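Okay, structure first, notes after.
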Amino acid sequence: MADARPEALVELRGIVKVFPGALANAGIDLAIYPGEVLALLGENGAGKTTLMNILSGLYRPDEGEIRVVGERVVLRSPRDAIERGIGMVHQHFRLVERFTVAENVLLGSHTPRFRLSPGPVLEHVRALGARHEIALDPRAYVGDLSVGERQRVEILKVLYRGSRVLIFDEPTAVLAPPEVDSLFAGIRRIVGEGRAVVFISHKLDEVLRIATRIVVLRHGRVAGAMPRAEATPGKLATLMVGREIPSRPRVAAARGSLRLRVEDVAARGERGYLAVDGASLTVHSGEIVGVAGVAGNGQAELAETIAGIRAPLRGRVWLDEHDVTTRPAREIRERGLAFIPEDRHRQGLVPAFNVVENAILTCYARAPISRGGLLRRRPARTHARRLVEAFQIQASLETPVRALSGGNQQRLLVAREAAQEPKVLVALHPTAGLDVASTEAVHRILLELRARGVAVLLVSEHLDEVLALSDRVLVMYRGRIVHERPASHADVDEIGLYMTGVGEPP
-7 MADARPEALV
3 ELRGIVKVFP
13 GALANAGIDL
23 AIYPGEVLAL
33 LGENGAGKTT
43 LMNILSGLYR
53 PDEGEIRVVG
63 ERVVLRSPRD
73 AIERGIGMVH
83 QHFRLVERFT
93 VAENVLLGSH
103 TPRFRLSPGP
113 VLEHVRALGA
123 RHEIALDPRA
133 YVGDLSVGER
143 QRVEILKVLY
153 RGSRVLIFDE
163 PTAVLAPPEV
173 DSLFAGIRRI
183 VGEGRAVVFI
193 SHKLDEVLRI
203 ATRIVVLRHG
213 RVAGAMPRAE
223 ATPGKLATLM
233 VGREIPSRPR
243 VAAARGSLRL
253 RVEDVAARGE
263 RGYLAVDGAS
273 LTVHSGEIVG
283 VAGVAGNGQA
293 ELAETIAGIR
303 APLRGRVWLD
313 EHDVTTRPAR
323 EIRERGLAFI
333 PEDRHRQGLV
343 PAFNVVENAI
353 LTCYARAPIS
363 RGGLLRRRPA
373 RTHARRLVEA
383 FQIQASLETP
393 VRALSGGNQQ
403 RLLVAREAAQ
413 EPKVLVALHP
423 TAGLDVASTE
433 AVHRILLELR
443 ARGVAVLLVS
453 EHLDEVLALS
463 DRVLVMYRGR
473 IVHERPASHA
483 DVDEIGLYMT
493 GVGEPP
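Shown next, in the form of structure tokens:
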């Protein structure tokens, strides 16, 4: 006898969405039931974000229909979706920094209560956050909040509107482990109230922790669906990429000479505040040192200071016993430091340039690509083709980089830096937003560099990534290195406490 299921809150039937040159959704059927956490998995370009943008009213499907509690509806805008009880917590926040938490929560809602009687509204926002373990001061200005706190404001916005179906797009990307635990507790409360959560994530371990049911998309189609009890990491990864992801045996590091030394470095952030406050670290040849921390605690500023992109207020940076503290980024690169920036479009690649032009950005002035001050086209193409083939970049040499998927853009960037034969590689969030296959490719490159004796400084907000790749783990909090452990002795709970400041020494 089949299990009786409640009526679906939402049904997507035969959803088709076509963009110029790409079939994003190819006849997808999906039902979302009350009281469940439905995890939606898939590589970049698999169609999951497009599908959820259709459900949240941002896109209109080319074919198919949407039913809400059995009634066929047409969602022409996010407001239509909100009125039907569907809300989305976007990965890229949609907040007004000069407004308070309460003002942002009320943006787009129909209630006039805030203007007429702010007291009850402030209390309602405070109580709503406390009930779901995402409490914030309603009077705080969003511009003063951390990245993690801003994400909680986005969640409060959806809860305030009374949504019955909540879509979370990569909600843990900026959270430390204790914050993830609190978020999951809040999600369980949400579904315990009879609502449903769609959980979009690349992190298989988190999906297996929180999901009730899992649907995997590949190439715009449903590749598989299963209850949590039947899911394993290997099964899900295979469904996502269409092949088995090989496991990598952990090889002990053959640590060599000291390559990078950072002493008491301080640096300002974009807005002039003190982002790095006396950070010190070392990285040796043949080891990966991972820096963990919640976004906004100075990791990016520290990496940029080491690479010569950001001027330090004090402290010294030594590369192979050469003091490069005040040297320009180009000289630091020539001395053997390669850099994978956080924002590949702003600092790493030129989107309007093609694959060849981006592949030679850091070596165009050197032989054999350049001779007598003139660029040689054939060696440039040979160099680019070698990178494309070696790192399995899905693109022709003449393709503009802006036309590549995010995963292929990142592979090109990482491949270019690795090809410089660096002594030191500083990798700043090298797999952020990447799917399983692209993440695996980047990890392989980092481990190959380590095996060749390169000193790798890995900065990542993904603690599982730091623990999987690193030989030593550092934790950064409020601009300082507050914790260090060999990765083999690292404890997730202990690291999580330091990431949130609870374990910070006096």
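Residue numbers (our numbering): -7 to 498. All C-beta atoms in this analysis are idealised placements derived from N, C-alpha and C, irrespective of residue type, glycine included. As the structure is a prediction and not an experimental result, all values here were calculated from the model.
By Cβ distance below 6 Å, which residues in the same chain neighbour P225 in space, the five residues on each side in sequence not counted? The residues L196, in chain order, have a CB closer than 6 Å to that of P225 in the same chain once the five nearest residues on each side in sequence are set aside.
In chain order, what residues of the same chain lie with their CB nearer than 8 Å to the CB of E323, ignoring the 5 residues before and after it? Same-chain partners within the cutoff: G300 and V316.
Sequence ranges, alpha helix (DSSP H) only - wholly within the segment 407 to 447, length at least 4: 428 to 443
Measuring alpha carbon to alpha carbon, tell me which of L341, E162, A344 and S277 ends up nearest L329. Comparing alpha carbon positions, the residue from L341, E162, A344 and S277 closest to L329 is S277.
Per DSSP, what kind of secondary structure is K227 in: helix, strand or coil? helix
Under a CB-based cut-off of 8 Å, is L15 close to chain D? Note that chain D does not occur in the displayed structure, where there is just one protein chain.
V88: buried (16+ other C-beta within 10 angstroms of its C-beta) or exposed? exposed
CB A73 to CB L32, shorter than 8 Å? no
Are at least three pairs of beta-carbons, each pair with one atom in the segment 255 to 268 and one in the segment 304 to 320, less than 8 Å apart? yes
Relative to the C-alpha of V207, which candidate in G216, G140, I298 and L200 has its C-alpha closest? The shortest Cα separation from V207 among G216, G140, I298 and L200 belongs to G216.
Does the segment 473 to 483 come into contact with the segment 428 to 442, if we say contact requires no fewer than three beta-carbon pairs (one atom in each stretch) closer than 8 Å? Result no; under three Cβ-Cβ pairs closer than 8 Å.
Might you give, ordered along the chain, the residues of its own chain that have their beta carbon closer than 8 Å to the beta carbon of L389, omitting 5 neighbours on each side? So the qualifying residues of the chain are N346, V347, V348, R373, A376, R377 and V380.
Collapsed DSSP secondary structure at R105 in the structure displayed: With a pLDDT of 45 at R105, under the threshold of 50, the modelled position of that residue is not reliable, and the figure given next carries that caveat. It is helical.
Looking only at its chain, what residues have a beta carbon closer than 6 Å to the beta carbon of A407, apart from the 5 residues adjacent to it on each side? L379 and F383
Spatial distance of P219 from I78 (CA atoms): So the two alpha carbons sit approximately 23 Å from each other.
Can you list, in chain order, the residues of its chain with a C-beta nearer than 7 Å to that of N96? Leave out the 5 residues immediately preceding and following it. L87, V88, V134, V145 and K149
Sorted by chain position, which residues of the same chain lie with C-beta nearer than 7 Å to L405's C-beta, five sequence neighbours on each side aside? I332, R336, G340 and L341
Can you tell me the Cα-Cα spacing of E171 and R358, whole angstroms? 48 Å
Going by DSSP in three states, A38 sits in which element: helix, strand or coil? coil
Outcome for S138 when other beta-carbon atoms lying within 10 angstroms are tallied against a minimum of 16: With fewer than 16 other Cβ atoms from the protein chains shown falling within 10 Å of its own Cβ, S138 counts as exposed.
DSSP beta-bridge partners of I7: I20
Could you give the DSSP three-state label for Y469: helix, strand or coil? strand
If you draw a straight line from the C-alpha of G184 to the C-alpha of A267, how long is it? 40 Å
Please confirm whether I280 and S462 have their CB atoms less than 8 Å apart. Yes, the pair counts as a contact, with Cβ atoms nearer than the cut-off.
If we count the other Cβ atoms within 10 Å of its Cβ and call it buried at 16 or more, is G282 buried or exposed? buried
DSSP puts V81 in a beta bridge; with which residues? Residue pairing by DSSP puts V81 in a beta bridge opposite F160.
For R403, collect the residues of the same chain with a Cβ closer than 8 Å to its Cβ; drop the 5 residues on either side in sequence, then sort them by chain order. F383, Q384, I385, S430, A433 and V434
Throw me the rounded Cβ distance for the I58 and L67 pair, which I believe falls under 8 Å. 6 Å between Cβ atoms; contact.
Less than 8 Å between the CB atoms is what I'm expecting for D161 and M44, so what's the real figure, rounded? 7 Å
Short Cβ contact (8 Å threshold) for G140 with A287: yes
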